[in-house]
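The sequence shown begins at 25 in our numbering and counts up by one.
The structure appears right after this line, and notes come after that.
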Amino acid sequence: TSSFLPVIAVVAAAVPLAKAFRKILPKAVSNFLTPALTLLIVIPLGYTIIGPVVAMIGSFANDGITALMHTVPLIAGAVFGGLYQVMVLFGVHSALTSFSFMNLLEGNPDYIMAIGCLVCFSQIGVVLAMYLKSKDEDLKALALPSFISGIFGVTEPAIYGVTLPRIKMFILSCVGGAVCGAFVMLTKTQMYSFSGL
Numbered sequence: 025t026s027s028f029l030p031v032i033a034v035v036a037a038a039v040p041l042a043k044a045f046r047k048i049l050p051k052a053v054s055n056f057l058t059p060a061l062t063l064l065i066v067i068p069l070g071y072t073i074i075g076p077v078v079a080m081i082g083s084f085a086n087d088g089i090t091a092l093m094h095t096v097p098l099i100a101g102a103v104f105g106g107l108y109q110v111m112v113l114f115g116v117h118s119a120l121t122s123f124s125f126m127n128l129l130e131g132n133p134d135y136i137m138a139i140g141c142l143v144c145f146s147q148i149g150v151v152l153a154m155y156l157k158s159k160d161e162d163l164k165a166l167a168l169p170s171f172i173s174g175i176f177g178v179t180e181p182a183i184y185g186v187t188l189p190r191i192k193m194f195i196l197s198c199v200g201g202a203v204c205g206a207f208v209m210l211t212k213t214q215m216y217s218f219s220g221l
């Protein structure tokens, strides 16, 4: 159940090692020896050091997030929901998804992705309002497909193409996300399984 984060860490360790081998090895043998030597070093490190350490760190982080959600649920839900789209901007929302995977694989219902899923609707709610209220045809042409992709949980087009360039609208969607997060925690809504977008 904890093999998701260690694999990411092992790959992250393999990349600079492979780049170093590509610089050192002659081009004639580099295509063959670089992957072989990289794996020869990284796999044992992954099983003995990287994997266990990252699994332990991930477990502590997951326990901390879960404890925060149970200790001050309304505040935790509002903060997490309000910042979720900011996390999407920087691509760190995927790391939190791994904690959800860990929870669900261990048989524990999860709040994190329940909040994340509803925050998508705060984003597309703002995009839909912009589509309906705007007289700008270019904005309408961009907002409608962004709204449709957002229904399926893919909000990056809505964020980067529609709300972020109009920063007040992005902030408004974050406020909606905070309300969604607080609502999820208030109603104790949890995710029990991943079923695709």
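Here a beta-carbon is modelled for each residue, glycine too, at the ideal position from N, C-alpha and C.
Could you tell me which of the options sits nearest to residue i, measuring between CA atoms?
i, options, result
"Val31", "Val78, Leu61, Leu57, Ala42", "Val78"
"Ala33", "Met154, Ala60, Ile67", "Ile67"
"Glu180", "Ile73, Ile148, Val53, Gly101", "Ile148"
"Glu161", "Phe194, Val186, Val178, Ala36", "Val186"
"Ile175", "Val151, Lys192, Arg190, Phe194", "Val151"
"Ser158", "Ile172, Gly200, Arg190", "Arg190"
"Ser118", "Val178, Leu69, Ser170", "Val178"
Quick one: what's got a C-beta closer than 7 Å to residue i's C-beta in the same chain, skipping five residues either side?
i, result
"Leu29", "Val78, Ala79, Gly82, Ser122"
"Ile74", "Pro30, Ala33, Val34, Ala37"
"Leu49", "Leu57, Thr58"
"Ser54", "Arg46"
"Ser170", "Val151, Pro181, Ala182, Gly185, Val186"
For residue i, which of helix, strand or coil comes out of DSSP?
i, result
"Asp134", "strand"
Are residue i and residue j closer than 8 Å when you measure CB to CB?
i, j, result
"Gly140", "Ala202", "no"
"Met215", "Pro97", "no"
"Glu219", "Leu128", "Reading off the sequence shown, one finds Ser at residue 219, where the question assumed Glu. Against a cut-off of 8 Å, the Cβ pair of Leu128 and Ser219 comes out as no contact."
"Thr58", "Ala42", "yes"
"Val110", "Cys198", "yes"
"Val143", "Tyr184", "no"
"Ala138", "Thr213", "yes"
"Gly101", "Ala165", "no"
"Ile136", "Ser146", "no"
"Leu61", "Phe45", "yes"
Which same chain residues end up closer than 8 Å to residue i when comparing Cβ atoms and leaving out the 5 residues on each side of it in sequence?
i, result
"Leu168", "Tyr155"
"Ala85", "Phe123"
"Ser26", "For Ser26, the pLDDT reaches just 49, beneath the cut-off of 50, and the residue's location in the model is therefore unreliable, although a value from the coordinates is still provided. The answer, listed in chain order, is Ala79, Gly82, Ser83, Met126."
"Val163", "In the sequence as presented, Val is not what sits at residue 163; that position holds Leu. Closer than 8 Å at Cβ, skipping near neighbours: Met154, Tyr155, Val186."
Near residue i, which residues of its chain fall below 6 Å by C-beta distance, leaving aside the five closest residues on each side in sequence?
i, result
"Leu92", "Ala100"
"Gly131", "none"
"Met193", "Val150, Thr187"
"Ala173", "For the record, residue 173 in the displayed sequence is Ser; it is not Ala. Around Ser173: Pro181."
"Leu196", "Val150"
"Cys204", "Gly105, Leu142, Val143, Ser146"
Going by the C-beta, is residue i closer than 7 Å to any heavy atom of the ligand FAD?
i, result
"Thr95", "Because no ligand of any kind appears in the structure shown, any question about the ligand FAD cannot be addressed here."
List in chain order: all unbroken alpha helix (DSSP H) runs of 4+ residues lying wholly within the region 54-116. 75-95, 97-114
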